[in-house]
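Peer 1:
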Amino acid sequence: MDTKKQIHNILSGVSDNIISDLIFTFIKENNIAYTENKNGIFFNISLLNDELANRLLVFIKQISNKNIHNIIDDIIPEKKQKQRKKTVNKPLYKDYDINDLESIILGFSFQ
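Given below as structure tokens:
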């Protein structure tokens with residue numbers, strides 16, 4: 009099957025926003041002419057040279073076969089991903105009823 013026809017068939021079935029955004033990024037990075045309006049992004053597949061069409065087809069097949077989490081890991085390096093905060097267990101203190109003298113004595117203990 010013709011490469012450009014394969015690209016068209018695959019793109020017509022893409023409904024995932026992440027995959028669409030990755031394809032758009034590929035289009036921008038490779039200086040492929042496109043137009044953008046409120047309905048989306050349009051580019052003419054027939055104007056692509058054979059080398060670029062093959063690269064686009066390989067790219068689309070790669071991202072279509074991957075899990076979304078793997079795609080995100082490829083885009084955002086692990087170090088730059090949001091680190092989960094570790095929960096810190098604060099010590100629990102008991103409330104004591106102390107009189108004024110005990111309060112003064114404890115006050116001197118922590119100076």
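Just so you know, the sequence shown maps onto residues 9 to 119 in our numbering.
Note that beta-carbon positions come from the ideal geometry of N, C-alpha and C, so glycine has one too.
1. Does DSSP classify GLY48 as helix, strand or coil?
2. Between THR43 and ILE49, what straight-line distance do the alpha-carbon atoms span, to the nearest angstrom?
3. Tell me the residue span of the alpha helix (DSSP H) that contains LYS69.
4. Does the beta-carbon distance from ILE27 to ILE53 come in below 9 Å?
5. With a 10 Å radius around its C-beta and 16 neighbouring C-beta atoms as the bar for buried, classify PHE113 as buried or exposed.
Peer 2: By the coordinates alone:
1. Strand, per DSSP.
2. Between THR43 and ILE49, the C-alpha separation is close to 6 Å.
3. LYS69 -> alpha helix (DSSP H) spans 58–73.
4. No, the pair does not count as a contact, with Cβ atoms beyond the cut-off.
5. The sequence given here places Ile at residue 113; Phe does not occur at that position. Of the other Cβ atoms in all chains shown, fewer than 16 fall within 10 Å of the Cβ of ILE113; this residue is therefore exposed.
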